[in-house]
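> In terms of the working numbering, the sequence shown is residues 3 to 345.
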Amino acid sequence: MITEIENYSLKKLNTFGMDVTCRRLIGYTSPQDIPKILRMLKPGEKWFHLGGGSNVLFTDNYDGTILLNLGHNFTIYESGNSIYPPGTVFADAGAVLDDVIAAACEKGLWGIENLSGIPGTIGGAAVQNVGAYGQEIGNSIIQLLVYDTVESCQCIIMGEECDYGYRHSMFKEPENEGRYIILSVMLGLSAEPRPLLDYGNLRTVVGNTSPLSPTDMRNAVIETRRGKLPDPAETGSAGSFFKNPVLNADEFDRFTKRVGNNDFPHYALADGTFKIPAAWLIEKAGWKGHNDGNAAVWHKQPLVLVNSTGHATPSEILTLEHKIIDSVKEKFAIELIPEVIHI
Numbered sequence: 003m004i005t006e007i008e009n010y011s012l013k014k015l016n017t018f019g020m021d022v023t024c025r026r027l028i029g030y031t032s033p034q035d036i037p038k039i040l041r042m043l044k045p046g047e048k049w050f051h052l053g054g055g056s057n058v059l060f061t062d063n064y065d066g067t068i069l070l071n072l073g074h075n076f077t078i079y080e081s082g083n084s085i086y087p088p089g090t091v092f093a094d095a096g097a098v099l100d101d102v103i104a105a106a107c108e109k110g111l112w113g114i115e116n117l118s119g120i121p122g123t124i125g126g127a128a129v130q131n132v133g134a135y136g137q138e139i140g141n142s143i144i145q146l147l148v149y150d151t152v153e154s155c156q157c158i159i160m161g162e163e164c165d166y167g168y169r170h171s172m173f174k175e176p177e178n179e180g181r182y183i184i185l186s187v188m189l190g191l192s193a194e195p196r197p198l199l200d201y202g203n204l205r206t207v208v209g210n211t212s213p214l215s216p217t218d219m220r221n222a223v224i225e226t227r228r229g230k231l232p233d234p235a236e237t238g239s240a241g242s243f244f245k246n247p248v249l250n251a252d253e254f255d256r257f258t259k260r261v262g263n264n265d266f267p268h269y270a271l272a273d274g275t276f277k278i279p280a281a282w283l284i285e286k287a288g289w290k291g292h293n294d295g296n297a298a299v300w301h302k303q304p305l306v307l308v309n310s311t312g313h314a315t316p317s318e319i320l321t322l323e324h325k326i327i328d329s330v331k332e333k334f335a336i337e338l339i340p341e342v343i344h345i
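1. Can you tell me whether glutamate 332 is buried or exposed? The criterion is at least 16 other CB atoms within 10 Å of its CB, across all chains shown.
2. Would you list the residues sitting across from aspartate 150 in a DSSP beta bridge?
3. With distances taken from CA atoms, which of Asp233, Ala105 and Pro37 is nearest tyrosine 79?
4. Which residues bound the beta strand (DSSP E) around aspartate 353?
5. Identify the residues that DSSP records as bridge partners of aspartate 294: which are they?
6. By Cβ distance, which residues of its chain are closer than 7 Å to proline 304, with the 5 residues on each side in sequence left out?
7. In whole angstroms, what is the alpha-carbon distance linking lysine 4 and glycine 29?
8. Quick one: give me the first and last residue of the alpha helix (DSSP H) that serine 118 is part of.
9. Which residue wins for smallest C-alpha separation from valine 132, given the options Tyr166, Glu108, Leu111 and Cys155?
10. Measure the C-alpha to C-alpha separation of threonine 123 and asparagine 264 and round it to an integer number of angstroms.
11. Based on DSSP bridge pairs, tell me the residues matched to tyrosine 347.
12. Using a threshold of 8 Å, state whether the C-beta atoms of glycine 113 and serine 142 are closer than that.
13. Under DSSP, the alpha helix (DSSP H) around tryptophan 282 begins and ends at which residues?
14. Rounded to a whole number of angstroms, what is the C-alpha to C-alpha distance between phenylalanine 244 and aspartate 101?
15. Just to check, is the beta-carbon of alanine 297 closer than 7 Å to a non-hydrogen atom of the ligand SAH?
16. I believe lysine 277 touches histidine 268 by the beta-carbon criterion, under 8 Å. Please report the beta-carbon distance rounded to the nearest angstrom.
17. If I'm right that phenylalanine 92 touches methionine 188 with Cβ under 8 Å, what's the distance once you round it to whole angstroms?
18. Measure the beta-carbon distance from arginine 227 to glycine 119 and round it to whole angstroms, keeping in mind my assumption that it falls under 8 Å.
19. Can you list, in chain order, the stretches of the beta strand (DSSP E) that have 3 or more residues and sit fully within the region 39-101?
20. By how many angstroms is the C-alpha of alanine 128 removed from the C-alpha of isoleucine 158?
21. Rounded to whole angstroms, how far is the Cβ of proline 33 from the Cβ of tyrosine 182, which I believe are closer than 8 Å?
22. Going by Cα to Cα distance, which pick from Ala272, Gly274 and Phe254 is closest to phenylalanine 266?
23. For threonine 77, collect the residues of the same chain with a Cβ closer than 6 Å to its Cβ; drop the 5 residues on either side in sequence, then sort them by chain order.
24. Measure the alpha-carbon distance for glycine 53 versus proline 213 and round it to whole angstroms.
25. Whose CA, out of Pro87, Thr90, Arg25 and Gly46, lies closest to the CA of threonine 67?
26. DSSP on phenylalanine 243, reduced to helix/strand/coil?
27. Locate the alpha helix (DSSP H) running through leucine 322, then write down its first and last residues.
28. Considering Cα atoms alone, identify which of Ala287, Pro279 and Thr311 is closest to aspartate 294.
29. Sort out for me which residues DSSP pairs asparagine 309 with in a bridge.
30. Take valine 152 and list the residues in its own chain whose beta-carbon comes closer than 8 Å to its own, dropping the five residues that flank it on each side.
31. Can you find a C-beta in chain B that's less than 8 Å from the C-beta of asparagine 75?
32. Are there 16 or more other CB atoms within 10 angstroms of the CB of alanine 272, so buried, or fewer, so exposed?
33. For threonine 206, count the other beta carbons within 10 Å of its own beta carbon; 16 or more makes it buried, fewer makes it exposed. Which is it?
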């Protein structure tokens with residue numbers, strides 16, 4: 003089923019709550035609708051496939067067509083069958099990520115529990131390789147069913163082919179922009195307990211709970227997130243706005259000398275690089291809790307920019323973004339890179 007609406011308000015389709023419109027919205031429920039939808043587009047017409055709108059910033063009204071997957075179904079093979087092993091999950095790209103996580107946790111499956119509470123769709127999560135508290139969805143993706151707009155056909159892309167990295171996938175490469183439309187996601191989860199507790203204060207929140215279940219971990223993650231992140235139903239944001247900078251050994255050495263010591267939060271990665279929390283950089287540059295018109299830096303988590311009054315314009319968010327980037331670069335010689343997709 004295809005639904006087409008002209009001059010559609012996108013305010014409720016982006017978690018920032020930007021009051022913008024698109025020239026046309028096309029919603030669909032079946033992967034088989036894609037070829038027809040693409041034929042509906044005029045030659046050279048601008049279009050964008052929107053997920054849950056939780057990691058985007060519309061910088062203005064969108065003079066083109068927004069595509070929206072309205073399919074929300076998913077299936078979890080708890081005990082497996084002759085074809086799929088136990089813990090296999092199939093989900094429409096439009097399925098709500100947190101709904102899938104909640105259902106998997108209820109069935110005692112591990113692998114995505116630390117992503118609990120992240121808004122958006124599972125298709126968008128697969129593009130972004132969303133991660134939290136030491137876990138990334140790319141580690142659980144077995145394969146994706148996609149539509150290749152260049153070859154005009156459906157195809158399967160295996161998880162290891164997606165070039166997953168920190169907030170990165172092949173779908174974010176410039177040469178792949180607009181080429182692939184994710185139709186469904188296949189995950190491989192496990193009934194074997196493997197809790198990740200070394201990030202944030204998860205170990206403290208979990209306490210002495212034993213044995214620990216995926217639902218216990220999910221509840222701990224949600225409690226931790228609520229303690230530092232705005233409620234999207236009350237305050238518009240796109241979650242973490244900037245990526246955490248990753249420095250090579252030489253850059254890390256220069257940064258340490260610039261700070262004057264190494265008594266700052268950092269994470270040594272397996273490849274010899276070092277990840278510096280962007281939140282720490284932003285806070286030390288003096289931006290935590292800063293208000294700038296209708297836009298602000300969240301007072302509990304400086305990595306989050308918010309539509310503080312509900313009336314912020316795209317230009318106000320962009321102005322605050324650029325001020326923070328310039329300030330951090332001047333103080334630390336590190337240029338922050340937005341994680342949020344600008345449209």
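Glycine residues also receive a C-beta, built at the ideal position from the N, C-alpha and C atoms.
Answer, in terms of the structure:
1. exposed
2. Cys155 and Tyr182
3. Ala105
4. No information on residue 353 is available, as it lies outside the stretch 3 to 345 that the chain covers here.
5. Ala297
6. Ala281, Ile284, Glu285, Trp289 and Lys290
7. Per the sequence shown, the amino acid found at residue 4 is isoleucine instead of lysine. Their Cα atoms are separated by approximately 6 Å.
8. Premise fails: serine 118 is in no alpha helix (DSSP H) and is neither H nor E.
9. Tyr166
10. 38 Å
11. The requested residue 347 is not part of the displayed model; the chain covers only 3 to 345.
12. yes
13. 280-286
14. 25 Å
15. The ligand SAH is not part of this structure, which contains no ligands at all.
16. 7 Å
17. 6 Å
18. 4 Å
19. 49-52, 64-71, 76-79 and 90-94
20. 14 Å
21. So it is not a contact: roughly 13 Å between Cβ atoms.
22. Phe254
23. Phe92
24. 36 Å
25. Arg25
26. coil
27. 316-334
28. Thr311
29. Gly238 and Ala297
30. Arg181
31. No chain B appears in the structure shown, which is made up of a single protein chain.
32. exposed
33. exposed
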